[in-house]
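K.L.:
Sequences listed follow chains A and B, in order.
The numbers in this note's numbering rise by one with no breaks, and the one at position 545 of the first sequence is 932.
The numbers in this note's numbering rise by one with no breaks, and the one at position 84 of the second sequence is 754.
Before anything else, here's the structure in question.
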Amino acid sequence: MAILEMRKLTVFAIRSQVNDMVKRMMRFRCVQINQTSPDEFKSLQARLFLCEEERLRLEKEIEKINTVLPVLRKKSGKKRKLFAGRKPMDFDKFLQSPDCEKARSSVEEASSIIKRQAEISAENAKNESTVKSLGPWEKFDLPLSLPESRDVVSFLGSIPVQSSSFEVMESAMAEAGVYLEKINEGDNHYYVFVMAHRSCTEAMNALLSQYGFVRMQFSEEEELVVDRVRKLGLENDSLRSEAESLEKRFVELAENVDLIEYLYDSDETLRLALVQQYKMLSTPYCCIMTGWVPKKEENSISRLLDQYECAYEFEDPEPDEVPPVMLSNNPFSRNFETVIGMYDYPHYGSFDPTAIMSIFYFLIFGLMFADVGYGLILILAGFLGPRLLKPREGTKRFLNMFGYCGISCVVMGILFGGWFGNLPYSVMENLFRVEKPAGVIPFFNGVVFNPTENILGFMLVSLGMGLIHMCAGMAIKFRNIWKSGHPFAAIFDVGSWWVIFAGLILLFVVKPMAVGGIVAGVGAAMLIFSQGRNAKGIVMKFLKGVMSLYGIVSYMSDLLSYSRILALGLVAGVIGQVINLITMMGKSVVGFIVMLLVLVIGHLLNLAINVLGTFVHTSRLQYIEFFNKFYEDGGVKFEPAVPSEKFTVTPLEPAPARVAQQSKS
Amino acid sequence: MAEIFKQIFSGFNLAILGAALATILAGIGSAKGVYLVATAASGLLSENPSAFGKCIVLEALPMTQGIYGLITSFMILFKIGVIGGSPMALETADGAYFLLAALPIAIVGLYSGIKQGKVAASGVVLLTKQPNELGHAMTNAALVETYAIFAVLVSLLLILFR
């Protein structure tokens, strides 16, 4: 339960070894490599370490895999199973294995197939459109690219049907000495062949434009249309069969889709290693790396660095440096670190409240959603989900958090009588006609009491929880002030309020109200006496002291905010009861089946909306009501260099055999 | 005329009016709120379809007002015997009591649903620039909801204590 102490690492390494060193380091996942500023090593005239070519090559590879992979995955018939999880893979081993070659050549081939398929379909479309445009001319028994002639002009073209009847046109043209032949008719057009002696051109043009003739040119068509269409058809057939065989090959390649996923992660890891190296400086033979390492990992990192020809040093951070924050907590509390991460990381060197917060999160979540049934579902989802899905560590912890919260829901559900709303009673009452089932089996009505029957009681539980929660926050503030060397400030700034709270509670509990009044008065006096201590002059001191009593308003509003525990608890319970009530209305057999459906879907919906609401509002109670007492935010999260793990999981440390091999060489 | 007036504003009908208002007004608030978030979310999804899960969380936040209204309605209908019993005759004053009890969640639900939707929609905009800021976006929206929670608490207390 702490923020890990960080050490600053500086390494001077041989340039040719850096890439390998960084890749090994990524496996340890505990070195955050910093952007090293050239100013820091001015005397060495170091520059940024760039390896542009290699990076571009990798980016191209990855781009290729990215375009190929989804298509292959679809074709492979091996759908990514929901519960498949990620397989362990060692990227160094993979890159040297024959599988890697296989994957790489598959990607190469698949991407050329995709390219060729696109070409084929473009060609196909082009041929088809050619066939379509030649269609009307199929009966024409000359090549469509009409030969040039000294004395004769000839065209092909179309005339709209509505301009005139063909016979009229034909005779009019014949009068002008022009030959007009109808080749085809369709789409409201006559497709015609026109031929005339050059001397008649003018008359012909006049007539043609009067009819709305549109000339069509087929300068490239030197064969007969029939032959041409047949050839295109054959070409298309062969293209199609090529596409089919390509497709078959593609499906074969899709068998390697798993290997290609490995390849993706391997290549991406190499790229990430380069990205890390971009942050370093370099001289002609040497690279300079700076970074942060948690103190407890110092040994394993030195052991790693000892295997390389490099000089390195671990230092404590300078006062003006802000190390990144890495939280470390017990197996229960660390699941709640996400909640902290969603707010803001605590400042380096300040108090890590995860452990204390996790206990309150657990309790408040359970109170807000006190239901055995929903709790069991949360436990199943929270603990079984990560086993099946094998997600990343962060997701796993987040799910586990809900699993633990589920336990709390079950316990609170037994205490306050939530069983899918009031399902046991609803069933007894409506299906078995038990009168007043709560009297028959009181267990299901809550071991302590049922909030719907004793709202005030539950309100007190909620506010009591809130008071303890707030006081815990204040206790951390107390500790922080005390540790910073001001024990009296701690006693008066925080302790006085505790005295006031105690007094206010006594006011309600102990009979002669004067007792409570006196205790609260003492607390108030402590505040008036102490809170003006930094002001100048006795009057200002007094006024400031009195003004500090105004703080009671903010404490009261914080406290009342905890009434949301009651409200959200009621909402979840009442919706559950309403669902039960509605479903029990079905009487016939069909009604029974519909009822079961409504019951299941209704409760699942209620679960979904209330898990979200409870999660958000429990978090909010931590952020606003708890953290505002003491939290020092502004920490920067520790982001170590890690391998890419989109499809695979890289083992945490290199296999021992490799270490031995490495150290020998 | 007076007779018709009396029939329309019977105690029973006033209670029904309360139940109706709780669902109608809080529902309008939520509908408008979710609408605001969902339109903003479509913008984000056009750039980054994988953000759908985060969008759903933000879209679900302003949904709760409508649900609070619904529960309040159900509780009233339950109390006056429309659900799970026989409808009871109510004095005008008793019916008016239920109508008034429904007002907190009806009015606050309407207003806070819309406003929470606006905050959540701006949270979606935040996600377009900072994909990891879901926590802050959610907390901001949850602050607005506080008052809807207080309202439904008062409405439910009034109804349950009757």
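Glycine included, each C-beta is placed from N, C-alpha and C at the ideal position.
Computed from a prediction, not measured in an experiment: that's the story for all the values here.
Could you tell me how far apart the beta carbons of Gly699/B and Gln735/B are, in whole angstroms, since I believe they sit closer than 8 Å?
P.N.:
Along the second sequence, one-based indexing puts residue 699/B at 29. Along the second sequence, one-based indexing puts residue 735/B at 65. Going by Cβ atoms, the distance from Gly699/B to Gln735/B rounds to 5 Å, so yes, they are a contact pair.
K.L.:
Taking a Cβ distance cut-off of 8 Å, strictly less, list which residues of the stretch 996-1009 of chain A are near chain B, in chain order.
P.N.:
So the list reads Ile996, Leu999, Gly1000, Val1003, His1004, Ser1006 and Arg1007, given in the order they occur along the chain.
K.L.:
List the endpoints of the continuous beta strand (DSSP E) containing Met676/A.
P.N.:
Your numbering for residue 676/A matches position 289 in the first sequence. Counting along the chain, the beta strand (DSSP E) containing Met676/A begins and ends at Cys673 to Pro681.
K.L.:
Have a look at the DSSP bridge pairing and note the partners of Leu668/A.
P.N.:
Within the first sequence, the letter at position 281 stands for residue 668/A. Bridge partners of Leu668/A: Leu435/A and Ile675/A.
K.L.:
Identify the contact partners of Ser948/A in chain B, using a Cβ-Cβ distance below 8 Å as the criterion.
P.N.:
Along the first sequence, read from residue 1 onward, the residue named residue 948/A stands at position 561. Simply Thr816.
K.L.:
For Tyr665/A and Glu427/A, what's the separation of their Cα atoms in angstroms?
P.N.:
Position 278 of the first sequence, counted from the start, is the residue given in the question as residue 665/A. Position 40 of the first sequence, counted from the start, is the residue given in the question as residue 427/A. Whole-angstrom Cα-Cα distance: 16 Å.
K.L.:
Should Asp364/A go down as buried or exposed, given a rule of 16 or more other Cβ atoms within 10 Å for buried?
P.N.:
The question about residue 364/A has no answer here: the residues shown for chain A are numbered 388 through 1052.
K.L.:
Beta-carbon separation of Glu655/A and Ile449/A under 8 Å?
P.N.:
Here residue 655/A refers to the residue found at position 268 of the first sequence. Here residue 449/A refers to the residue found at position 62 of the first sequence. Contact flag set, yes.
K.L.:
Answer with yes or no whether the minimum CB distance from Thr809/B to chain A is below 8 Å.
P.N.:
By one-based count along the second sequence, residue 809/B stands at place 139. Chain A contact via Cβ: present.
K.L.:
Who are Gly723/B's beta bridge partners in DSSP?
P.N.:
Counting from one through the second sequence, the residue named residue 723/B turns up at place 53. Note: Gly723/B sits in no beta bridge, so no partner.
K.L.:
Give me the chain A residues within the contact set of Met758/B, using Cβ-Cβ distance strictly less than 9 Å, ordered along the chain.
P.N.:
The residue given as residue 758/B occupies position 88 in the second sequence. Here the premise fails: no neighbours, minimum Cβ distance about 17 Å.
K.L.:
Check the DSSP bridge columns for Ile546/A and list the partner residues they point to.
P.N.:
Within the first sequence, the letter at position 159 stands for residue 546/A. Ile546/A pairs with Tyr577/A.
K.L.:
Alpha carbon to alpha carbon, how far is Met393/A from Leu810/A? Give it in angstroms, no decimals.
P.N.:
Locating residue 810/A in the first sequence gives position 423, where the first residue counts as 1. Locating residue 393/A in the first sequence gives position 6, where the first residue counts as 1. Rounded to the nearest angstrom, the two C-alpha atoms are 53 Å apart.
K.L.:
Got a sec: is the Cβ-Cβ distance from Thr839/A to anything in chain B below 8 Å?
P.N.:
Taking the first sequence and counting its residues from 1, the one referred to as residue 839/A is at position 452. It does; some Cβ of chain B falls within 8 Å.
K.L.:
Residues of chain A with a CB under 7 Å from the CB of Met671/B: which are they?
P.N.:
Here the question's residue 671/B lines up with position 1 in the second sequence. By Cβ distance, chain A contributes nothing, its closest Cβ being about 39 Å from Met671/B, past 7 Å.
K.L.:
Please tell me whether Val644/A has its Cβ less than 8 Å away from any Cβ of chain B.
P.N.:
In the first sequence, counting from the first residue as 1, residue 644/A sits at position 257. It does not: the Cβ of Val644/A has no partner Cβ on chain B nearer than 8 Å.
K.L.:
Which term fits Ser340/A, buried or exposed, when burial requires 16 or more other beta carbons within 10 angstroms of its beta carbon?
P.N.:
Past the edges of chain A, shown from 388 to 1052, lies residue 340/A, and the structure says nothing about it.
K.L.:
Compare the Cα-Cα distances from Glu572/A to each of Ile887/A, Gly544/A, Arg585/A and Leu894/A and report the closest residue.
P.N.:
On the first sequence, position 185 is the one that residue 572/A refers to. It is Gly544/A.
K.L.:
Do Pro547/A and Ile575/A count as a contact pair if the criterion is CB distance below 8 Å?
P.N.:
For the purposes of this step, residue 575/A is taken as the residue at position 188 of the first sequence. For the purposes of this step, residue 547/A is taken as the residue at position 160 of the first sequence. A quick correction: the sequence has Asn, not Ile, at residue 575/A. It is a contact, given that the beta carbons lie within the stated cut-off.
K.L.:
Could you please give the first and the last residue of the uninterrupted beta strand (DSSP E) stretch that includes Tyr699/A?
P.N.:
As a position in the first sequence, residue 699/A is number 312, starting the count at 1. That run of the beta strand (DSSP E) goes Cys697 to Glu702.
K.L.:
Are Leu763/A and Gly793/A touching if we call contact CB-CB under 8 Å?
P.N.:
Your numbering for residue 763/A matches position 376 in the first sequence. Your numbering for residue 793/A matches position 406 in the first sequence. Going by C-beta atoms, Leu763/A is nearer than 8 Å to Gly793/A.
K.L.:
What in chain A is Cβ-close to Tyr738/B, meaning under 8 Å?
P.N.:
As a position in the second sequence, residue 738/B is number 68, starting the count at 1. Under the 8 Å cutoff, chain A gives Val958.
K.L.:
Please confirm if the stretch 483-500 of chain A is in contact with the stretch 581-601 of chain A, defined as three or more CB-CB distances below 8 Å between the two stretches.
P.N.:
These segments do not touch.
K.L.:
Alpha carbons only, please: which of Glu609/A, Glu684/A and Arg617/A is nearest the one belonging to Arg414/A?
P.N.:
The count along the first sequence starts at 1 and reaches residue 414/A at position 27. The shortest C-alpha separation from Arg414/A is found at Glu684/A.
K.L.:
Can you pull out the residues from the stretch 965-985 of chain A whose beta carbon lies closer than 9 Å to at least one beta carbon of chain B?
P.N.:
So the list reads Val965, Leu968, Ile969, Met971 and Met972, given in the order they occur along the chain.
K.L.:
Please say whether Phe768/B and Ile741/B have beta carbons closer to each other than 8 Å?
P.N.:
Taking the first residue of the second sequence as position 1, residue 741/B is located at position 71. Taking the first residue of the second sequence as position 1, residue 768/B is located at position 98. Contact: no.
K.L.:
Report the three-state DSSP secondary structure of Val709/A (helix, strand or coil).
P.N.:
Translated into positions along the first sequence, residue 709/A becomes position 322. Coil at Val709/A, not helix or strand.
K.L.:
Which residues in chain A sit within 9 Å of Phe744/B, going by Cβ to Cβ distance?
P.N.:
Looking up residue 744/B in the second sequence gives position 74. Under the 9 Å cutoff, chain A gives Val961, Ile962, Gln964, Val965 and Leu968.
K.L.:
Going by Cα to Cα distance, which pick from Pro485/A, Leu443/A and His1004/A is closest to Ile751/A?
P.N.:
On the first sequence, position 364 is the one that residue 751/A refers to. If we check each option's Cα against that of Ile751/A, His1004/A comes out closest.
K.L.:
For Phe820/B, name the three-state secondary structure that DSSP assigns.
P.N.:
As a first step, residue 820/B is located in the second sequence; it is residue number 150 there, counting from the start. Phe820/B: helix per DSSP, three-state reduction.
K.L.:
Name the two residues that bound the continuous beta strand (DSSP E) containing Phe399/A.
P.N.:
On the first sequence, position 12 is the one that residue 399/A refers to. Met393 to Ile401 is the extent of the beta strand (DSSP E) around Phe399/A.
K.L.:
Note down, in chain order, every chain A residue with its Cβ under 7 Å from the Cβ of Ala812/B.
P.N.:
Residue numbering aside, residue 812/B sits at position 142 when the second sequence is read from its first letter. Result: Val1003, His1004 and Arg1007.
K.L.:
Can you tell me which of the three DSSP states Val987/A falls into?
P.N.:
Here residue 987/A corresponds to residue number 600 of the first sequence, with the count starting at 1. DSSP places Val987/A in helix when its eight states are reduced to three.
K.L.:
Could you tell me whether any Cβ in chain B is nearer than 8 Å to the Cβ of Leu850/A?
P.N.:
In the first sequence, counting from the first residue as 1, residue 850/A sits at position 463. With 8 Å as the cut-off, Leu850/A does not count as an interface residue toward chain B.
K.L.:
Would you kindly report the start and end of the unbroken beta strand (DSSP E) that includes Arg585/A?
P.N.:
The residue labelled residue 585/A in the question sits at position 198 within the first sequence. From DSSP, Arg585/A is part of no beta strand (DSSP E); its letter is neither H nor E.
K.L.:
List, in order along the chain, the chain B residues whose C-beta lies closer than 9 Å to that of Tyr372/A?
P.N.:
No statement about residue 372/A is possible, as the shown extent of chain A runs from 388 to 1052 and does not include it.
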